[in-house]
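For reference, the structure discussed in these notes is given below.
As structure tokens, then:
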């Protein structure tokens, strides 16, 4: 009987152990099922671009007319004729306004009469001087009388010259009653005077006139940009660089006529620390107008075997710049880099990368350093980079 009891206990214990094993196996299975299987992040990456690269800089420029003047009258008077309207294109020498000339015509007649009188007086004095000179030589009159007559003749001659000058001034004033365009150009709108208006010599602005072709574009570059140009051997005026400047208009289109640098300021502007530059652009189609803003694109230098990456690959954290690469073990590595100039949608890497490096352009946020990643290789063309 004791033997049967022991046998039953062994059977019960074995059953309990079996049940415990089943429970443990089930718990282990359920526990494994509740833990998600980690996935390898997928990223897009591309090889760095290595090529010789021209470095351009963009500057904000403003269009100015080569000749831009306020036309003022040289004589005073009322406007009696107006031959133009605002916005007209005019030729050099074309009449613009007529000032009342009656008073100036009278002044010319008066000056002519005064000159004629002065000439008559001089001729009479000259005859007297010649006669007294002969008589003095014959001791018929004192030498003093001859000298006085000669002096009077000289004075009368000076009066003649003064009257000639008065006549020339009167004729110039009469001529100046007709206001003509000093050069070919386009008139301003809304600033021209009306018929009957009184103008004061040298003060009243009759209209404004600007020459349309060619046009200046004024822009400024920083001291560092200027020094970079000099270091790269770029002469802003005499080199080909200074003769091939591009202009991008406000609508994003590139102006089809290249410009050239014609003027560089003698020094930096004190309050901004920039250098003012003028470039000259042909304007045969009158697209450029004074006051227009445009982007000046200037070649700053040339880089040999430059390393370039898409701007989307660059990460800026506080004052640091990083790029995430994929190493030979398919692990992501965030590396610090030093960036150079931007060239379109690309960015020059001056330090931190080597030719052949594979940079992550999409998905680096989910791939911290040391993470094994699955790489989808992309090309510059697939990213829209030319």
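Numbering (the working numbering), first residue to last: -6 to 379. Glycine residues also receive a C-beta, built at the ideal position from the N, C-alpha and C atoms.
- With fewer than 16 other Cβ atoms from the protein chains shown falling within 10 Å of its own Cβ, residue 329 counts as exposed.
- Distance check between residue 243 and each of 48, 36, 52 and 331 places 52 closest, using alpha-carbon atoms only.
- Contact annotation: residue 208 and residue 274 have beta-carbon atoms nearer than 8 Å.
- Spatial neighbours of residue 121 in its own chain (CB-CB distance under 8 Å, excluding positions within 5 residues in sequence) are listed in chain order as 142, 145 and 146.
- DSSP places residue 317 in the uninterrupted beta strand (DSSP E) bounded by 313 to 319.
- By a beta-carbon distance limit of 8 Å, residue 92 does not contact residue 62. Their separation comes to about 18 Å.
- Counted as a single uninterrupted DSSP element, the beta strand (DSSP E) harbouring residue 335 occupies residues 331 to 336.
- Contact between residue 203 and residue 178 is confirmed by a C-beta separation of about 5 Å, below the 8 Å threshold.
- Straight across, the Cα-Cα distance linking residue 297 with residue 44 is about 7 Å.
- Listed in chain order, the alpha helix (DSSP H) elements of length 4 or more contained wholly in the region 241 to 315 amount to none.
- For residue 148, the secondary structure class from DSSP, reduced to helix, strand or coil, is helix.
- Residue 78 counts as exposed, since fewer than 16 other C-beta atoms from the protein chains shown sit within 10 angstroms of its C-beta.
- Taking the Cα of residue 279 as reference, the smallest distance to any Cα among 248, 187 and 257 is reached at 248.
- In this structure, the straight-line span from the alpha carbon of residue 88 to that of residue 161 is close to 22 Å.
- Rounded to whole angstroms, the Cβ separation of residue 64 and residue 199 is 5 Å, and the two are in contact under 8 Å.
- Sixteen is the threshold: when 16 or more other Cβ atoms of the shown chains lie within 10 Å of the Cβ of residue 66, as they do, the residue is buried.
- Note on geometry: alpha-carbon atoms of residue 123 and residue 94 lie some 43 Å from one another.
- In its chain, beyond the 5 residues on either side, 125, 126 and 129 have a beta carbon closer than 6 Å to the beta carbon of residue 139.
- In the DSSP assignment, residue 40 falls within the unbroken beta strand (DSSP E) covering 35 to 40.
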